[in-house]
Structures are given as C-alpha cells and as structure tokens.
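Working notes, beginning with the structure itself.
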Ligand code: GLV
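Residue numbers (the numbering used here): 35 to 356.
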C-alpha cells in the first residue's frame, strides 16, 4: 500500500517526528530553508493526505480548495486561529492541536512576566548596567507585591488553571472570567471565584489573558476595558496579540491608566508597535510561551501522534467535530 504523504511546513528538529517519518512519506522544507512559504505549500498541497502547520501559517479556503486529498491538519499549537475551522469542517478535514505540551510552559511564561513586571526586574536590570542611572534608596525602585494580590484570569482553560496553581503557591487570590462558569468542584480546587468581565477588570490587581483568539475575544481589552482596570493593575498577555488593542494599551501605559504590562504576543506579526518600545512599564518577549528545547521535542511528537492516531485509530486532540 502506498504510504500516506505528510507535509510539514517548518524545518523542525526531526527527533520528535521519528515515528511519523518511519511510517509515512514526510516532506520537510529542504536543508537550509526555515519554512515553506504559503505559495510553496499551495503548489504542493494537492498530493498530500496530511498537513502539519505551524501556529502562524495561514490555512485558508484557497489552500484547502487546492488540497484535494487532505484529511487532517495537525496544528503545532494549542491556538488554531490561523485555520479557517468552519471551512475545514465543511470539507470533512479533521483539525487537531497540541493542548498537552503547551500548558505548563505557557503558564511559566505568564508567571515569569508577572514577577518581572511586578518587581520591575527587566527595567532595573537595564538601568543597573548604566553608571549613574539608578538610585539605591528605600523609596525608589518600588514594585507591587503579588502575595495577597488578586489575579483575574480571563480564560480558565488548561493554561489559565496552570497559572492559577502557580499563583496560589505565590499566595495570590484567584478570580476568573470564562465563557461558562466552571463546576463548583473545579472552582474549589483552584479557590477561584467567577466574576463578570466588568467585575474582574474593576477588582483584579493582575489581569491575565489566557483565552483563545476569535471574533468574540477580538480586542477584549480595548480602551474601555483599560479604563475599568485599577491604576495599579498589571495586564499580562501570553495568549494572542489581537486580544488587546495595542494602541490603546500603549496609551494607557503612558498615561498611567494602568501600572504595567507583560506581553509575550503582539497584534501585528509578533512584533510590538513602536509606541511600546520606549515605555519602561512594559516587559516584552517574542512569543516564547512554548519556546524551550524540551517542549519543541514534545510538540513534534504530539503533532505526529495526532496524525498517526487519526489514520490508524486512537485518540487525537480534535478541534472540530466532523
Ligand atoms: C502557541 O502560541 C500556541 O498556541 O500553542
């Protein structure tokens, strides 16, 4: 029997793909090429049974129309806002994602940003390197304590809960907003209180975005939302950039409407707008929520497992129901 053909859009390390490579005919970009372009995938996709896309690779109607044999899109991410899911469903294409491996490292990243922002670690590290730019005194370089502070989690899914565990260990109180209120037993486990979005924005000392990006969550933090937050509040975004109106955030940070922000994701192309660059009260990292050596291997194994199990029978992380 002819082997299934799998197209991987990015030149990832091969270790995690070992089983997939053994079983199927897998195409990666050629040596020295980081990733296939959209046009290159469009040209090739007709021959493939499976596509393994990255979180920022657009899988749209045009691509799926060209993909006459395609049965599965195995996305290398928990987020799938790069894929037209209703269209995939209408074409009978299974979409899968990688919730397991991304949960803990993304929660680590949110917690890291929280500590860096609240104690001004990045800013003071920058200043201490420049002679004369720092004053050591009891009432300078002040941050805000997280012990006893209230963390408001928007999106209490796997990553939100993993962050809640870390925050509880640090002595924080947890409130959350979610599409649906969680079961009482889950709320008890995380000592988490459900609030409306408005209540959460008005009462939380730290607001963390851990929700997927879609039409409903587009600019969930906009000018109005920022005005509702405390002037001492911290905003964290480790989910997707367009959850936040970045222009409005830069203005709020500049004018002291909120105290500070920690951002791992940005509205346009993974880079912050220039207005953020000159502000000391924002800590920024370039979408590194899952960027560890260990997780790169785990995610590769996970996207491979989703494809193998889809064709051979076994559990897959389904995004759409066919
Ligand atoms: C990373 O951005 C992911 O969605 O897993």
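Ideal Cβ placement from N, Cα and C applies to all residues, glycine included.
Report the residue from the options whose alpha carbon sits nearest the alpha carbon of residue i.
i           : options            : result
residue 187 : 111, 348, 221      : 221
residue 299 : 73, 279, 317, 271  : 271
residue 246 : 115, 121, 335, 256 : 115
residue 189 : 250, 124, 344      : 250
residue 120 : 136, 342, 133, 95  : 95
residue 182 : 211, 213, 239      : 239
residue 54  : 351, 341, 323      : 341
residue 236 : 219, 263, 248, 243 : 263
residue 258 : 128, 203, 292      : 292
residue 311 : 60, 144, 261, 280  : 280
residue 267 : 104, 276, 286      : 286
residue 338 : 350, 327, 67       : 350
residue 43  : 80, 117, 63, 176   : 63
residue 158 : 175, 274, 331, 102 : 175
residue 138 : 92, 199, 122, 82   : 199
By DSSP's criteria, residue i is part of a beta bridge. Which residues make up the other side?
i           : result
residue 40  : 60, 84
residue 209 : 186, 227
residue 121 : Beta-bridge pairing links residue 121 to no other residue.
residue 128 : 106
residue 294 : 268
residue 93  : 117
residue 312 : DSSP lists no partner for residue 312.
residue 302 : 305
residue 342 : Beta-bridge pairing links residue 342 to no other residue.
residue 69  : 44
residue 318 : 297
Please classify residue i: is it buried, with 16 or more other beta-carbons within 10 angstroms of its beta-carbon, or exposed?
i           : result
residue 84  : buried
residue 163 : exposed
residue 289 : exposed
residue 46  : buried
residue 306 : buried
residue 314 : exposed
residue 38  : buried
residue 166 : exposed
residue 214 : exposed
residue 56  : exposed
residue 265 : exposed
residue 86  : buried
residue 356 : exposed
residue 170 : exposed
residue 274 : buried
residue 35  : exposed
residue 277 : buried
Return yes when at least one heavy atom of the ligand HEM lies under 7 Å from the C-beta of residue i, else no.
i           : result
residue 176 : Questions concerning the ligand HEM fall outside what the structure shown contains, since the ligands it does hold are the ligand GLV.
Open item on the list: Strictly closer than 5 Å from CB to any heavy atom of the ligand GLV: give me those residues in the order they appear in the chain.
Closed with: 89, 111, 112, 113, 136
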